[in-house]
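Notes follow the structure.
Protein chains in written order, with the numbering used here: chain R, 73 to 804; chain L, 7 to 336; chain S, 9 to 214.
Dropping the structure here:
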């Protein structure tokens, strides 16, 4: 009977260590092949045309001139006359050329006529949205400790009770907060290289979902998933935007089939930003009441947000975020805009919820003239009891790493160095991160070779190395003894990589498959050694009897017992309540320190501390990298990036790398990462890590800027313009 | 990109000859700007004349009287030339460039002749879209706060022009006929266009910038100051100022103060100059010069913050030139 | 100089203009240039195109013949002509640094350079850092986990090579100020800084 558990901390060989990524050399020397890099012979180049208008009716489309251009192989209209187009960049037509240049000239020759329709893109302006008929009441919730009396009108009671609570509060903050929509900006744009051969399609698709996209491509082409292979060894960024095959992924496969030759179709950068997903914005009026200790007693918020043409967007569930007072009311309004539809973006909803609500918590500290850390600490009474101790300890560690106590000054009361003031802020977050369903095939060759196969993918988190670490630990071998095969839909299926589910998922499945395979091998070894299979241990390149360590076989010798055929075992992981290998639910505390030039509004990161729990750590090095990267992405949306739309035309104005501001190497300040893994956390098994550390930066950095200036810069990103406009409004 | 002819002259004279032909031509220097514009079909020349093989255009010569920089010298070539150290405003403007690729690949001539970053222009709406209404009624957060009453509301993107103009640079322009050669003050290279079809550089067709000439520094103090969104200086500044000062008896005898990213051209601030000449450089007089510089500012709907930035940039450039504390992160 | 602001009349018929259509053999299969109109000898002609021609590029120490059009960028020539895909297409101009290569030892964004301008020059890409013994910069990147998705990494590594060639003893402050031409979306900057510092230290010890 195989018991699916991790070895104790004292017994591990490689699990939890700090290991170089096994695909690091390929990535660092340009030899790793991404979908964009696959260039089969006779490949044709496809280009797509996006609609220049944000909202219009397509009156006519004429592709005749494009078809006549030298080097153009095929032209396809992707919309019909009469179709309504609801965002700029929505795909109108596709041209396939012998060369990229021919395709581009073909696109330029396509004639389309449009009838412009009303455009609305400025969702922050709620009054204008309402006037334009673009605002729709969304979900909401009220939770009050007291209940209405018999026969009392509920709505009336609600108002009265909230009014009473605010009146009783020692401090009331009535604030406005916002966070603008951002895009994914995957450095490898969306797309694929598709091949057609013998009635079957191979799609080299840039995807976070190798196992799940074959059917999406096969269906529209009248093929079964068996006739489609999705292949993706390396993906140049996804961040939640590359779960689906997408119309352009299907189109490339269709064109390959119709033209009977390979076709490459990658989106141009500007189209990627316009149509391939964005993170919803959020703007909120928040009123909070707290007692004289700074403990929140009541909350009343209304947030509005856009998810694109269909409205939708930011969930109500993240308001208030983590710190939830006993009495609260939240309302939402969804605004329909002529902007590309939103998609999941690393930790969907949470970064916005955190930025819109933990800023209000910090404003309570400012109002009471209290230390922000103390206010957050006291508000642990408002977080679920099971996690209070965790947050408390993470706060203590973070404060020490930040030297919070020595550096702290009340909001706006720091000593200025010329025009420069500094400040600190903090935030806390939570995420589930349970593993996804995953299967793994382990293959042990008689010559000692060890391979595994999973239809998973590597988003950059080091999936291959995680799997290799788990199997190396399981078989008592070095990491480089494991050959990891991922990135094909022909391998046993794994879930899509999203929501911090991959490391949990593949750790489960590879541990299961590894232990199952080892048990079978051990049967043979036991027979040979005359030992009990249950007493065998695989460690240090040997399989031996734990009661007599001299009684054993070297790994190769053990494998030679397999005879002619390799041993293959496919097992499915079993994440969930009963698993001892993985679980879900983490916290995390972050503290930011900034410097702000009051004269220019420039904000510079000084220091950023992240303390993060993740259950059991598989590979410390890649785990730390995930946190570091999340902090930098957080700095990006706190200080730099935003989708900028032309209010009049709905054009996406900054849809090129040069115009879409992102931090560079010089912008990050000092980053300090501490992984929190005491025994009781490690005992919970593996929990996903990708999302949690990207949640807190918005609030932490906004709070730090507020602490420096003594005034809240309400909307992220806090650009020099935002900062100066805020200071000017205060002085006016 | 639209298909084009590639012309590769080996001499300055050949370059002028190759520019003249029946279609439209563009001069290709480092490529850091033109290539992107051609890929987006914003510029669609019939012929591209690459200056990469004209060795004479890469030459840098310095003597006690003049500092002559070929237009095809890269920003790094200039930065690393010992004579550049005599011109702090130029040195600082080059050092502020945070992209090593841009510095290594971009040329001084190309830097001066790059096209505006205006996102309406770059998205294919033309430079003076709808006589400027598009910008006036749109998102103009990065647009001009000075000289913006006409259809041109973009800002001159050059990061070295303010310094070079403050240092009284001139440019040697070749063409339109082979053998034609003109030298003019650098500020005259730039103009505020009044109608579509008129570019922001005052060059005739078949003319190009061949050389930048700086006079001897003659004891003048100078400095550049850029205000940035990013810390590393990879991005274009939000605002910049360069100043060069002749001091006599502790007061400013003569000044040239030029704002960058503030107007459709590098903007020589008469007001700031008048405010500082005859005074010593102190935090108070520098502040007053900054105030004077923006006294004529006419911000658009979304860029009032740039007025504050212009004020600060002028103040800090003056303080920096005088070797005083500028404030800020420096 | 009189600045009249009027464009001079265009001239036609430059005497030495030479269209070299139809001569020479078509180059090997390539997604860059169509076979018709391929010309030889772009190295010497004053004017070529707009059709294709055959050129020779020196990439990572090896000489390659390939067909290009005048509009073919060095990046396209590398990726589609020679299947050298380390340099990546990330931005329309050079603003991401993702296509950084060395041209005669100097860093440049291959996507903003014409292939025809690179004839006779030595091109070095990230692929040159592979081999039995990994280049020290690539090795430091691996050891410090300075790649995540890895799409920006080949350009970044080359940029670091170029930076260290000029600043072999760079301090941390100089590294932070000097490597801003490359964009990473996953957020590897925090790993790159210690990686570069390691190379500096290694160079100092060696």
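Each residue gets a CB set at the ideal place from its N, CA and C atoms; glycine is no exception.
Annotation for residue 770 of chain R: 251, 423, 426, 427, 706, 709, 710 and 788 place their beta carbon closer than 7 angstroms to its own, counting only its chain and skipping 5 residues before and after. The distance from the Cβ of residue 213 of chain L to that of residue 180 of chain L is about 7 angstroms, consistent with a contact at the 8 angstroms cut-off. Rounded to whole angstroms, the separation of the alpha carbons of residue 536 of chain R and residue 340 of chain R is 29 angstroms. The Cβ neighbour count for residue 77 of chain R, taken over all protein chains shown within 10 Å, is under 16; the residue is labelled exposed.
For the C-beta of residue 72 of chain S, not a single chain R residue is nearer than 8 angstroms; the gap to the nearest is close to 15 angstroms. For the options R:526, R:433, R:693 and R:371, the alpha carbon positioned closest to that of residue 574 of chain R is the one of R:526. Pairing residue 394 of chain R with residue 502 of chain R gives a Cβ-Cβ distance under 8 angstroms.
Within chain L, the C-beta atoms nearer than 8 angstroms to that of residue 185 of chain S come from 104, 238 and 239, in chain order. With a threshold of 16 other beta carbon atoms within 10 Å, residue 94 of chain L meets it and is buried.
Annotation: the continuous alpha helix (DSSP H) that includes residue 798 of chain R extends over 792-803. In this structure the region 229-241 of chain L lies against the region 315-334 of chain L, because at least three pairs of beta carbons, one per stretch, are closer than 8 angstroms. Contact with chain R is absent for residue 173 of chain L, since none of that chain's Cβ atoms lies less than 8 angstroms from the residue's Cβ. Using a CB distance cut-off of 8 angstroms, residue 726 of chain R counts as an interface residue toward chain L. In this chain, the beta strand (DSSP E) harbouring residue 269 of chain R covers 263-269. In the DSSP assignment, residue 617 of chain R falls within the beta strand (DSSP E) that extends over 614-617. Leaving aside the five residues that flank residue 92 of chain L on each side, the residues in its chain whose CB is nearer than 6 angstroms to its CB run, in chain order, 223.
Looking only at L:9, L:311 and L:114, the smallest Cα-Cα distance to residue 795 of chain R is reached by L:311. At least 8 angstroms separates the beta-carbon of residue 561 of chain R from that of residue 644 of chain R. Within its own chain, the residues whose Cβ lies closer than 6 angstroms to the Cβ of residue 85 of chain L, once the five positions on either side in sequence are excluded, are 100, listed in chain order. Its Cα nearest to that of residue 614 of chain R, the residue R:544 stands out among R:544, R:254, R:568 and R:669.
Of all alpha-carbon atoms in R:348, R:550, R:310 and R:438, the one lying nearest the alpha-carbon of residue 419 of chain R is that of R:310. If you look at residue 512 of chain R, you'll find it in the beta strand (DSSP E) that goes 511-516. Residue 587 of chain R sits away from residue 597 of chain R, with the two beta carbons spaced by 8 angstroms or more. Between residue 302 of chain R and residue 282 of chain R a beta carbon distance of about 5 angstroms is seen, short of the 8 angstroms cut, so the two are scored as contacting.
By the rule that beta-carbons nearer than 8 angstroms mark a contact, residue 125 of chain L touches chain R. Judged by DSSP secondary structure, residue 162 of chain S falls within the alpha helix (DSSP H) whose first and last residues are 161-174.
The Cβ neighbour count for residue 500 of chain R, taken over all protein chains shown within 10 Å, is at least 16; the residue is labelled buried. For residue 703 of chain R, the enclosing alpha helix (DSSP H) covers residues 692-707. DSSP lists S:72 as the beta-bridge partner residues of residue 65 of chain S.
Assigned with DSSP and collapsed to three states, residue 461 of chain R falls in helix. Contact holds between the region 102-115 of chain S and the region 150-166 of chain S, because three or more Cβ pairs, one in each stretch, are under 8 angstroms apart.
If the five residues before and after residue 726 of chain R are omitted, its C-beta is found closer than 7 angstroms to the C-beta atoms of 716 and 732, all from its own chain and listed in chain order. If only uninterrupted alpha helix (DSSP H) runs of at least 4 residues are considered, those enclosed by the region 98-166 of chain S are 144-151. Against residue 242 of chain L, chain S offers no close residue; the least beta-carbon distance is about 10 angstroms (beta-carbon pairs closer than 7 angstroms).
Of the residues L:321, L:130, L:262 and L:267, the one whose Cα lies closest to the Cα of residue 289 of chain L is L:321. Annotation note: the region 165-238 of chain L contains the following uninterrupted beta strand (DSSP E) runs of length 3 or greater, listed N- to C-terminal: 176-180, 187-191, 214-221 and 227-233.
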